[in-house]
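Student: Which chain is which? The protein sequence lines are L and P, in order.
Counting with our numbering, you get residues 2 to 110 for the letters of the first sequence.
Counting with our numbering, you get residues 60 to 173 for the letters of the second sequence.
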Amino acid sequence: GQSLEQPSEVTAVEGAIVQINCTYQTSGFYGLSWYQQHDGGAPTFLSYNALDGLEETGRFSSFLSRSDSYGYLLLQELQMKDSASYFCALPGGSYIPTFGRGTSLIVHP
Amino acid sequence: KAGVTQTPRYLIKTRGQQVTLSCSPISGHRSVSWYQQTPGQGLQFLFEYFSETQRNKGNFPGRFSGRQFSNSRSEMNVSTLELGDSALYLCASSFEGAPQETQYFGPGTRLLVL
């Protein structure tokens, strides 16, 4: 099967930079995705990495190291509205799509 | 483009009953996936439909079933409801369901089983 591990909670202050780590186990790798979910809302797609390296999208960046089975989501210039849960996920491909348990990000003023 | 829509948004049922949830994907999307989200288990994949065929299935009992219509709209059914089925049920659509594609989630149906 597939599994992902990520911290349950991260706190930071407005304007800071925060990194949310994710390690995974899979027999067949199709990429690593990241989703954001606000309380009471639906998950929204943030990024997808299939190759090693950094992908940047505005204030958000995502990094992947396939040799280490590791990725992270980097959020810069934190804003209060970034307070949400962040999930790393292994897309399906030949396997069942699998999500991590989520990291609750709390941004303080 | 309209987003993914799910109906109903909230539902209260009693144990033993059955329930049907509906999902309308983004226009042009042919892949629809269903997920169950609970505080204890997180987001868990139920199944994926593509062109009216179930293409992938998660580890849920046979009480959970689904189908997809020719217009890509999808329904999922849960029979003989149990208390543990209380959850947020999310559907997500994408063009073809390829791993690199963005999945667009609907707002979910919150099911409470009493």
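Note that CB positions come from ideal geometry on N, CA and C, so glycine has one too.
Along chain P, in chain order, which residues have C-beta atoms closer than 7 Å to that of A1/L?
Tutor: There is no way to answer for residue 1/L, as the model of chain L reaches only from 2 to 110.
Student: With 7 Å as the limit, tell me which residues of the segment 113 to 135 of chain P have their beta carbon closer than that to any beta carbon of chain L; keep them in chain order.
Tutor: Per Cβ criterion, the list reads N115, G117.
Student: Threshold first: 3 residues or longer. Then list the beta strand (DSSP E) segments lying entirely within the segment 71 to 103 of chain P, N to C.
Tutor: The segment 71 to 103 of chain P contains these whole beta strand (DSSP E) runs: 78 to 83, 90 to 97.
Student: So, with DSSP's three-state summary, where would you put G59/L?
Tutor: In the structure shown, G59/L sits in coil (DSSP, three-state: anything other than H, G, I, E or B).
Student: If contact means a Cβ-Cβ distance below 9 Å, which residues of the segment 90 to 112 of chain P contact chain L?
Tutor: Residues S92, Y94, Q96, Q100, G101, L102, Q103, F104, E107.
Student: At what residue ranges does the segment 115 to 171 of chain P contain a whole run of the beta strand (DSSP E), taking only runs of 3 or more?
Tutor: 123 to 127, 133 to 137, 146 to 153, all fully within the segment 115 to 171 of chain P.
Student: Residue range of the beta strand (DSSP E) that A90/L falls in?
Tutor: 85 to 91 is the span of the beta strand (DSSP E), which, as asked, contains A90/L.
Student: Would P84/P count as contacting chain L if we go by Cβ distances under 9 Å?
Tutor: With 9 Å as the cut-off, P84/P does not count as an interface residue toward chain L.
Student: Please classify T104/L as buried or exposed, where buried requires at least 16 other C-beta atoms within 10 Å of its C-beta.
Tutor: Its Cβ being crowded by 16 or more others within 10 Å, T104/L is buried.
Student: Give the C-beta separation of S9/L and Y25/L to the nearest angstrom, bearing in mind that I take them to be a contact with Cβ-Cβ under 8 Å.
Tutor: With 8 Å as the limit, S9/L and Y25/L do not qualify as a contact, their Cβ atoms being about 16 Å apart.
Student: By DSSP's criteria, V108/L is part of a beta bridge. Which residues make up the other side?
Tutor: Answer is A13/L, bridged to V108/L.
Student: Give every residue of the same chain whose Cβ lies closer than 8 Å to the Cβ of P110/L, excluding the five residues on either side of it in the sequence, and list them in chain order.
Tutor: Answer for P110/L: V14, E15, M81, listed in chain order.
Student: Against chain L, does P67/P count as a neighbour if the rule is that its beta carbon must be under 9 Å from one of theirs?
Tutor: For P67/P, the answer is no, since every Cβ of chain L falls outside 9 Å of its Cβ.
Student: Chain P partners of G72/L, CB-CB under 7 Å?
Tutor: Within chain P, no residue comes near G72/L; the closest Cβ sits about 14 Å away, beyond 7 Å.
Student: Based on Cα-Cα distance, which residue from Q20/L, G2/L, S95/L lies nearest to W35/L?
Tutor: Comparing Cα positions, the closest option is Q20/L.
Student: Are G156/P and R89/P closer than 9 Å when you measure CB to CB?
Tutor: For G156/P and R89/P, yes; Cβs fall inside 9 Å.
Student: If you check the beta carbons only, do Q100/P and E107/P fall under 9 Å apart?
Tutor: No, the pair does not count as a contact, with Cβ atoms beyond the cut-off.
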